[in-house]
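Sequence lines, in order, name chains F and W. Each number in this note's numbering comes from the position in the first sequence (counting from 1) with 370 added on. Each number in this note's numbering comes from the position in the second sequence (counting from 1) with 7 added on.
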Amino acid sequence: MEAVTFFIAAAVVLAGGCGVVLLKNPVHAALSLVGTLFGVAIHFINLQAYFLAAVQVIVYAGAIVILFLFVIMLLGVDRAENIRTEPIIGQRHFAILALVGFLVIGTLIGVATGGEVTGVPPEEALYSPSEGGLAIEQETKLSDGSTIAPEENIREIGRSLFSTRYVFALEITALLLTIAVVGAVVLARRPREKFETIPEYEPSVFLQKDDSDETSKVEEEVQEIDITEQESSTDATSDSETVNE
Amino acid sequence: MFALTIGPGYYLALSAMLFIIGAIGLLIRRNPLIMFMCIELMLNAANLAFIAFGKEMDDLGGQISVLFVLVVAAAEVVIGLAIVVAVMRRRPKATIDDVSVLRG
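What follows is the structure, encoded as C-alpha cells:
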C-alpha cells in the first residue's frame, strides 16, 4: 500500500513541478504548484509526519499560493489570455460533472474498502462515542508491525518545540515573521511624492503583441474616419454645387 | 503484488528530481513570480529529504527543521512578493533582467 501511494504521489509531484516550469500562464503555474504541494503532503503522511502534512496544506496551499495568485491578479500578468474562449464546446460542464463524479466515486470506494481514508475501520467508527474522538487515539498498524497514533506525533512535536533545545529557535522565528511583516508593509507602501514611470526600453513579448493589435485597430479606425470624412465632404460639396446651380 | 518496500532512497531520489526541476525552472524562466514558485519547489524538495532522513534516523529533529523551513519560506515569499510589487508598480511588464542593477 505504501508503494502504491508513493508512486501516485510522486507522479503528482513531478507533473506539478514540470507544470510550474513549463506553463506560460502564471496562474496555471501557481495551480500546478498546488498540485506539487499536495503531493508532498501525501508523502509526509506516508512518512508518518501527520502534523506537517496538515501544516503543508494549510500554510503552503492555503496561504502562500493564494498570496502568489493575489500578486498575479494585482499586477495583471494574466492579461494575455482570453478566458471566454472555450476550445471544445461544453467542456466546462463536462469538467464539472467529471470532477463531482470522481469525488463521489472516490469517497464511496474509500469508505467501502474501509479504514484507509480515516484510519478507522468502518465497524469501529460506528461505535465511536464522538465523531473522530476515537479516531485520533486509534493506533494505525503499519506494514512492518509497528503501531503509531497521529496524536502522538503532534504531542511530540509540540513538546520538543518548547523544550530547551528548540525554544530559542522558535523565538527567533517569531522575530523573523515580525520583521517580514514590517518589511512587506514598508516595501509595498505607496510613496508620498509621485514618480514618473520609467518608459519601457525592452518590452516583453506580450506587450509587443498587445501593442501591435491595438495600433492596428487604431489605424483601421483612423482609416474609417478618413473615408467617412471624405464621403461627407464630397456630399457637402455636391450639395453646395446643387445649391449653386 | 506490491510487496515493494519504499526505503529512504526512493524519497531521496524524488527529492533530488524535484530539486533539479526547481533549479532548471529558476534558470530558464524570466518571470519573477515563476522564479519564486521554483524556489518553493526546491524548498519542498529539501523538506521531503528532511522528513525522509528524520524517519530513517527515528529522530524528530527532521520534522522540527521542516517546520522552521516552512516559516522561513513564508517570510521569504512575503518579502519577495513585496519587492516584485514595488518594482512592477514602477515599471510594468518588467522581467528579471530589468532589475539586474538592483535599482527601483
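We put the CB at the ideal spot given by N, CA and C, even for glycine.
Quick check on the burial criterion: 16 or more other C-beta atoms within 10 angstroms. Buried or exposed for Gly-29 of chain W? buried
Could you list which residues in chain W have their beta carbon closer than 8 Å to that of Val-634 of chain F, in chain order? Absent from the model: residue 634 of chain F. The displayed extent of chain F is 371 to 615, so no value can be given.
Close Cβ partners of Pro-402 of chain F (< 7 Å) along its chain, the five nearest in sequence each way excluded: According to the sequence shown, residue 402 of chain F is Ser rather than Pro. Gly-386, Gly-389, Val-390 and Leu-393, listed in sequence order.
Own chain partners of Pro-499 of chain F with C-beta closer than 6 Å, once the 5 adjacent residues on each side are dropped: Residue confidence is low: Pro-499 of chain F scores 48 on pLDDT, short of 50, so the model does not pin down where it sits. Its coordinate-derived value is still stated next. Answer for Pro-499 of chain F: no residue qualifies.
Backbone CA spacing between His-413 of chain F and Ile-475 of chain F [nearest angstrom]: 23 Å
Measuring only between beta-carbons, confirm whether Val-404 of chain F sits less than 8 Å from chain W. no
Going along the chain, which unbroken runs of the alpha helix (DSSP H) with 4 or more residues stay wholly within the stretch 371 to 455 of chain F? 372 to 392, 396 to 416, 420 to 425 and 435 to 445
Alpha carbon to alpha carbon, how far is Gly-446 of chain F from Asp-581 of chain F? Give it in angstroms, no decimals. Residue placement at Asp-581 of chain F is flagged as unreliable, the pLDDT there being 47, under the threshold of 50; a coordinate-derived value is accordingly withheld.
Enclosing alpha helix (DSSP H) for Ile-27 of chain W [first to last residue]: 15 to 35
Residues that Thr-543 of chain F contacts on chain W, provided the C-beta gap is smaller than 7 Å: Phe-75 and Val-78
Measure the alpha-carbon distance for Ile-90 of chain W versus Leu-557 of chain F and round it to whole angstroms. 6 Å
Below 8 Å on the Cβ atoms is my contact criterion, and I expect Ile-45 of chain W with Arg-36 of chain W to pass it. Report the Cβ-Cβ distance as a whole number of Å. The sequence shown places Cys at residue 45 of chain W, not Ile. Indeed they touch by this definition, with Cβ atoms about 7 Å apart.
Taking Cβ-Cβ distances shorter than 8 Å, what residues in chain W pair up with His-413 of chain F? Tyr-18, Leu-21, Leu-55 and Ile-58
Pick helix, strand or coil for Phe-75 of chain W, following the three-state DSSP scheme. helix
Contact list for Gly-14 of chain W against chain F, beta-carbon separation under 8 Å: Chain F residues near Gly-14 of chain W: none, gap ~10 Å exceeds 8 Å.
So which residues of chain W does Ile-442 of chain F contact, with C-beta pairs closer than 8 Å? Leu-40
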